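First the structure, in the form of structure tokens, and then the observations on it.
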Amino acid sequence: MIDPDLATIEAELEQLQPQAAAGPLPQQPKRAALPAQLPRTEIRHEPQSTVCQCGCERVRIGEDISEKLDYTPGVFTVERHIRGKWVCRNCETLIQAAVPAHVIDKGIPAAGLLASVLVAKYAVRN
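Each residue of the sequence shown is one higher than the one before, starting from 1 at the first, in the UniProt record's numbering.
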């Protein structure tokens, strides 16, 4: 008597459990974008020369954009660092400007924001 009851309960449980997805889920961005209403300043980082070693002119094929949140007293701003990607069609070499140094690698705050936080925390004592 107990065995048939267990079999029917197990069958019902299998039907009620959600089915696994067919493939991996696409990765979602881990951070939300900075608000669009903040003023932005573009800082372009390009190679010194667009002429390749083989003598051909390099062609721009895209760009990488990173945004940093900065603060000047009373105003939050966003620094947009734009690094162009350049390729030679003849020898297929790709170049891109180096990533600029930041106070916190892969972090959002710029130096001005960190400075204001430190001043507010340690220097301004009432």
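Where is the CB? At the ideal position from N, CA and C, for every residue including glycine. For clarity, every value in this text was computed on a predicted model and none was experimentally measured.
Beta-bridge pairing of residue i - partner residues as DSSP gives them
| i | result |
| --- | --- |
| Ser66 | His81 |
| Pro109 | Leu69 |
| Arg40 | Val78 |
| His45 | Arg83 |
| Val51 | Glu57 |
Backbone secondary structure at residue i - three-state DSSP
| i | result |
| --- | --- |
| Thr93 | coil |
| Ile61 | strand |
| Gln15 | helix |
| Ile9 | helix |
| Val117 | helix |
Cut-off 7 Å between Cβ atoms - residues of its own chain near residue i, not counting five sequence neighbours on either side
| i | result |
| --- | --- |
| Glu57 | Thr50 and Val51 |
| Met1 | Confidence at Met1 is low in this model, with a pLDDT of 48, below 50, so the placement of that residue should be treated as unreliable; the coordinate-derived value is given next. Once the five neighbours on either side are set aside, Met1 has no close Cβ partner at all. |
Beta-carbon proximity list for residue i, same chain, < 6 Å, skipping 5 on both sides
| i | result |
| --- | --- |
| Asp70 | Thr77, Glu79, Ala110, Gly112 and Leu113 |
| Lys106 | none |
| Gln15 | none |
| Gly84 | Glu46, Arg60 and Glu63 |
| Pro39 | Thr77 |
Close Cβ partners of residue i (< 8 Å) along its chain, the five nearest in sequence each way excluded
| i | result |
| --- | --- |
| Val124 | none |
Taking one C-beta from the region 34–47 and one from the region 79–98 each time, how about it: are there three or more such pairs within less than 8 Å? Yes: at least three Cβ pairs fall under 8 Å.
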